[in-house]
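Reviewing the structure listed below.
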Amino acid sequence: MEKKKLHVKKGDTVVVISGKDKGKKGKVLVALPQEGKVIVEGVNMITKHQKPSKKVQQGGIIHQEAPIFSSKVMLWCDKCKKGVRIGKRILQDETKVRYCKSCGEILDK
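Numbering (our numbering), first residue to last: 8 to 116.
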């Protein structure tokens, strides 16, 4: 199986651009490159009926985030205050960074 790449990483702030959660902003909790999906904090919430077990002592109805396709999210630029397209650039110290195509701001810390 070939290795797939995502344009977002764990810890990135993203904005949802389509679907029922359009416009919501959140942090990427988990990136799933094999499926082409990401789990974003507070986005695509589902209701799960959980049975008590050794791992989870208290059963009941829990709410948790479900994966969404990575193509439905855009990286958030703090300078532009919107979801932006990204480009990749190699700096003079040979490090590869992502930058905002609108304002040129470097998005990797």
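Note that CB positions come from ideal geometry on N, CA and C, so glycine has one too. Note that the coordinates shown come from a computational prediction; the quantities given were computed from them, not determined experimentally.
Express the C-alpha separation of residue j and residue i in angstroms, rounding to a whole number.
i           : j          : result
residue 107 : residue 61 : 46 Å
residue 67  : residue 57 : 5 Å
residue 17  : residue 99 : 25 Å
residue 105 : residue 15 : 10 Å
residue 112 : residue 87 : 9 Å
residue 59  : residue 69 : 12 Å
Should residue i go down as buried or exposed, given a rule of 16 or more other Cβ atoms within 10 Å for buried?
i          : result
residue 84 : buried
For residue i, which residues from the same chain have a beta carbon less than 7 Å from its beta carbon, with the 5 sequence-adjacent residues on both sides left out?
i          : result
residue 20 : 32, 34 and 83
residue 91 : 81, 82, 84, 107, 108 and 109
residue 24 : 79, 80, 81 and 90
For residue i, which residues from the same chain have a beta carbon less than 8 Å from its beta carbon, with the 5 sequence-adjacent residues on both sides left out?
i          : result
residue 71 : 52, 53 and 55
Please check the pair residue i and residue j, which I expect to be a contact at CB under 8 Å, by giving their CB distance rounded to whole angstroms.
i          : j          : result
residue 43 : residue 11 : 6 Å
Cutting at 6 Å between CB atoms, please list the residues of its own chain near residue i, excluding the five before and the five after it.
i          : result
residue 37 : 46
Which whole runs of the alpha helix (DSSP H) in the stretch 10-56 are 4 residues long or more, in chain order?
none
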